[in-house]
Every structure is written in C-alpha cells, then in structure tokens.
Amino acid sequence: MSRIATIEIDGKKYEFPVIEVTENELAIDIKTLRAVTGGVTTIDPGYKNTGSCESAITFLDGEEGILRYRGYSIEELAEKADFLEVAYLLIFGELPTKVELEKFHSDIKGQAIVDEDIKKIIDGFPKAAHPMGVLSSLTSALVAFNPTSVNVDSEEEMYNAIVRILGKFPVLTAWAYRKQAGLPLDYGDNSLGYVENFMKMMFKKPTEEYECNPVVVDALDKLLILHADHEQNCSTSTVRIVGSSNAGLFVSLSAGINALWGPLHGGANQAVIEMLEAIKEDDGDTKKYMAKAKDKSDPFRLMGFGHRVYKNFDPRAKIIKVSADKVMHELGVEDPILEIAKGLEKEALEDKYFVDRKLYPNVDFYSGIIYRALGIPTDMFTPMFALGRLPGWIAQWREMRQRKEPIGRPRQVYIGETYRPFKKVEDR
Ligand code: CMC
28 MSRIATIEID GKKYEFPVIE VTENELAIDI KTLRAVTGGV TTIDPGYKNT
78 GSCESAITFL DGEEGILRYR GYSIEELAEK ADFLEVAYLL IFGELPTKVE
128 LEKFHSDIKG QAIVDEDIKK IIDGFPKAAH PMGVLSSLTS ALVAFNPTSV
178 NVDSEEEMYN AIVRILGKFP VLTAWAYRKQ AGLPLDYGDN SLGYVENFMK
228 MMFKKPTEEY ECNPVVVDAL DKLLILHADH EQNCSTSTVR IVGSSNAGLF
278 VSLSAGINAL WGPLHGGANQ AVIEMLEAIK EDDGDTKKYM AKAKDKSDPF
328 RLMGFGHRVY KNFDPRAKII KVSADKVMHE LGVEDPILEI AKGLEKEALE
378 DKYFVDRKLY PNVDFYSGII YRALGIPTDM FTPMFALGRL PGWIAQWREM
428 RQRKEPIGRP RQVYIGETYR PFKKVEDR
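In this text, residue positions in the sequence shown follow the working numbering: the first is 28, and each later residue adds one.
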C-alpha cells in the first residue's frame, strides 16, 4: 500500500509520496514541493529532520543505539575484522575475499610514498601548527602532485584513486606529527600491517629500532574501525557536498578534515582530555563542571556527551570503554583521568538535566584515554579520527558520484531587508 503525506497551505492540499526503505524507515519525498506549491520551501537548521541523500553504506538507529556498516554490526566488526577489511567493506560494499584483501593491501602499499617536494611544504609550517591544519593542507596539496581528476565512470580509475589516498594518508598523518615533534620525516615498512606500519611511521626514532606492541596495534585497529563511518555527519556531508560540484576526491577529503576538526565534531576527543585534565587540576571537582554544563549562561558543554542522532548509548562508546580498561590493564598504565571520566559519566547518567535530554557518552568520551595510553599526543587525537574516518569519506564520496547526485545547494529562508534604494556615501 503506497503511503501519502498531505500538506495543507491556505486550504489547498498537496500530496507527497512517503517512501518506506530498508529497516522500515519512512521518509516524505518532497522533491516536487517547490514546483507544486509555487515556491514554498522547508526550513530545518542543522538538517535535524532532513535526509540529504539515499545511502546504502551505514545504518544508524539512534533510539536503539544500533550502528551497522553495510549490514554488519559494529560490535561484530570491532571484534572480528581488521581495519583494512572494514575499509574495503565500506567502500566496495562487500567483505573482501582473502585474495581481494591481499591485493587491496598490496596496492595500498604500492602507493605509500609521497613526492619528495611535499617535505618542502611541511618545512614551511611552524612547529606549533595544529596537525589537523597541516593534514588538511597536505591532503589538498596532493592534488598538485596528482592533477588528473578521477573518471568516476571507470572502476579502475576509481580504485586507483582510492588506494592512492589510503596509501599516502597515513604517511601525511605521521609526518604532521613528526614535524611537530622535531623528528626526521621517514617512511614506514611495507612488510608490516597497515596499523603497525602507521605506528612505526609516527614513533620510530632514527637511533633505535621500533618494536610495536601487539596490544597497541590491536587497540588502535579497533579504534579505527569504530571511527570508520557514521553516515551523514558534519564532515561526511561536507565531503559529499564538496564532491557534488564534481570537485576531486582529495580536495573533498581535505574539506572533510577541516569539518572534522571542530570541537563539536571530531575535535571533541582532544577537548574531552583537556576538560578531564582541567577537572584533575581542579581537585577532581566534577560537580563544578556538571553545574557549568547545565548553566545556560555558560557556554561550557560536557565534552564527549550528547549526540545529534543517538538518544541512547553510543554503541561505539560502550566498546571503547571496555577497550580502555583492557588496554590500560594490559599496558600497565594508570591514568587518574580514567577514574575522573568514569565518575563524570556516572554523575551525568543520574542527573535529571542529562537524563531529560537523553545525553549519553559518545565515541569521543573514552577514545582520548586510549590514545593517551598508546602514547599518542593530545593534538594528534583528531588526526587519528581522520585516519579512521578516511574509508567512510571515500565510500560516501564514491557513492555520491556513482549515483550522479545533483550538486548540493540548500535553499534558505530570507529574513533580511526588502528592497531599498542605494544612498551615496556623502548622503548616509
Ligand atoms: N553538555 C551540556 N548540555 C548539552 C550537551 C553537552 N555536551 N549536549 C547537548 N546539550 C543540551 C543542549 O544545551 C540542549 O539543551 P536545551 O534543550 O535545554 O537547549 C540539548 O542538550 C540538545 O542539544 P543540541 O545542541 O540541540 O543538540 P545537537 O544535536 O544540536 O548537538 C552535539 C549535538 C554533539 C553537538 C552536542 O551534544 C554537543 O555539543 N556535545 C559536546 C561535543 C561532543 O562531544 N561532540 C562529539 C559528538 S560525537 C563525535 C562525532 O561528531 O561523530
């Protein structure tokens, strides 16, 4: 039975199809709204109710706390898959066979070098530059070294562009850190796994061998999987909208990195640790920070809490919390900040303000604690998020281009002055 939604304006009725999609979700299709109503538009700041696209990549049910990539649950993927398998799944739609996975990894390794001139660009950045700014600039700069744009109708060209960025991005991420740390820019080792190689590129000192702890590799692999996609969030929508002008893959990704940087989005992982540090310095006074978060005259928010879509536990936060305990135990790290985080979480979950607004810990609440335990410096947390999100951005960009979606161009509801005649400067 086809469903219809009716909108009545000034006594006149307009009907719109209601589409029922997988997972029984309903959506009112308003594509013809302006045409049939003579220019009536909708207003929905922050797109809280607006689906910007149809997508077959990630399913998220914020009420139930469900997250699935291509139908596979995040819990199962985090436990059983590795990051490159998940990247392949997100981008190409199916889990790879052993042969496909080996080829994918080998093709990525084949691209794990960047033009030597990139080093000159890095040289120009001040040491104190935030690595997210460096990373987005370098990702854009890759276009200068790979100027041909991808023919999106060619599977082969698309594949080549994908392995190229998956190969080069970890190098750029590690180099953004090494510049800051004053370490020589160096390459990894293609005999290693993707994550292990990344850790080596980050931390290898010229004077010592680098031994990677399997506990660290395992934990990081899991974190990257948990961050790999999250449907139409701020950075992903940015990647899609930039790409919708037919801009290339690398510049669309660079735009996504900038969107991710903000503290309301991926930058929250850094902000959480800074907040927990501040609470620690303040004699662990969590009550004071809870009060600040609830005070509407104070711009402070409890970082790592709340989510646009989840009105229940963020399933990623649940996995990360367990993982944080395990990693700290296995590495023998004691961090008083973990206890502060747990205390803050308990207080928030019992507090009427947070309960009424359905504010739960999100992915960023515990991830920084693990990054710290793994030895990753605080301002590299958001670049780590970007490294994890890369396959999701690529998958979404590819889907958008393959579906030949129209250029993203929202309408507005104009509230400014009506026409007024121009006055010369001497008459104003
Ligand atoms: N602390 C205190 N109050 C909050 C918080 C918070 N962290 N988050 C939301 N609220 C309140 C907000 O003030 C509002 O209250 P009221 O109804 O009285 O005006 C209500 O809850 C609804 O909030 P909203 O800002 O309308 O919700 P949103 O969907 O626009 O914002 C959010 C979602 C994630 C930006 C927000 O919850 C927030 O700022 N959280 C802190 C930053 C953070 O942890 N970001 C990471 C998100 S997960 C990583 C990712 O981006 O994928």
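The beta carbon of each residue, even a glycine, is placed where N, CA and C say it ideally should be. This one's a predicted model, so the numbers in the text were calculated from it and none came from an experiment.
Let me make sure I understand the geometry here. Which of the options has the alpha-carbon closest to that of residue i?
i, options, result
"L162", "N178, M407, K75", "M407"
"E81", "F340, V299, E47", "E47"
"D213", "E184, L358, I149", "I149"
"V336", "Y204, I442, E301, P388", "P388"
"P437", "I421, R61, A255, P123", "R61"
"H254", "Y41, G419, K75", "G419"
"A286", "V266, F277, N273", "V266"
"H292", "H257, V349, G311", "H257"
"T69", "I252, V440, D454, R447", "V440"
"N51", "L358, L87, E426, N76", "L87"
"E235", "D248, L169, L210", "L210"
"N76", "C239, E308, A282, D56", "D56"
"K232", "L219, P241, A201", "A201"
"I306", "A295, G294, K319", "K319"
"E357", "V242, S281, G66", "V242"
"N469", "G370, L371, W288", "A query on residue 469 cannot be resolved here, the shown segment of the chain reaching from 28 to 455 and no further."
"K323", "E372, Y380, G333", "Y380"
"R416", "G402, V390, G151", "V390"
"V382", "P44, N273, K338, K348", "K338"
In its own chain, which residues sit with a C-beta less than 6 Å from the C-beta of residue i, not counting the 5 before and 5 after it?
i, result
"P342", "G92, L94, I101"
"S176", "G275"
"I421", "I118, I189"
"G78", "A54"
"I135", "V190, L193, G194"
State the DSSP-derived secondary structure class of residue i, mapped to helix, strand or coil.
i, result
"R328", "coil"
"K232", "coil"
"D312", "coil"
"D71", "coil"
"R447", "coil"
"D508", "Here the chain covers residues 28 to 455 and nothing more, so residue 508 does not appear."
"F152", "coil"
"Y214", "coil"
"S29", "coil"
"A208", "helix"
"V39", "Looking at the sequence shown, residue 39 is not Val but Lys. The answer is strand: DSSP assigns K39 an E or B state."
"V45", "strand"
"I421", "helix"
"I34", "strand"
"L53", "strand"
"Y441", "coil"
"S279", "helix"
"Y337", "coil"
"S79", "coil"
"G398", "Looking at the sequence itself, residue 398 is Tyr, so the reference to Gly does not match. Three-state DSSP puts Y398 in a helix."
Between which residues of its own chain and residue i is the CB-CB distance below 7 Å, once the five residues before and five after are set aside?
i, result
"L365", "A351, M355, I396"
"A298", "P290, M330"
"D142", "F172"
"A105", "K249, I252, L253, I346"
"A168", "I145, I148"
"A400", "V354, M355, L358, V360, D362"
"W424", "V266, R267, G270, L276, S279"
"P158", "A203, Y204, Q207, D406, M407, P410"
Can you name the start and end residues of the alpha helix (DSSP H) that residue i belongs to?
i, result
"P342", "342-358"
"L128", "125-136"
"L219", "First-last for L219: undefined, no H or E at that position."
"Y115", "110-119"
"D248", "241-254"
"L371", "363-377"
"K107", "101-107"
Mark residue i as exposed unless 16 or more other C-beta atoms lie within 10 angstroms of its C-beta, in which case mark it buried.
i, result
"F449", "exposed"
"Y393", "buried"
"R205", "buried"
"A139", "buried"
"K191", "Note that residue 191 is Arg in the sequence shown here, rather than Lys. The residue is buried, with at least 16 neighbouring Cβ atoms inside 10 Å."
"I300", "buried"
"K147", "exposed"
"A368", "buried"
"N296", "buried"
"E42", "exposed"
"K154", "exposed"
Can you name the start and end residues of the beta strand (DSSP E) that residue i belongs to?
i, result
"L94", "93-96"
"Y387", "Here Y387 belongs to no beta strand (DSSP E), and DSSP marks it neither H nor E."
"T85", "85-88"
Spell out whether any CB of chain C is found under 7 Å from the CB atom of residue i.
i, result
"A203", "Looking at the structure shown, chain C is missing, and only one protein chain is on hand."
Got a sec? Which residues, its chain only, sit under 8 Å from residue i by beta carbon, not counting five neighbours each side?
i, result
"P197", "A139, G215, Y221, N224, F225, M228, L414"
"G137", "V190, G194"
"E374", "T313, K314, M317"
"K40", "T33, I34"
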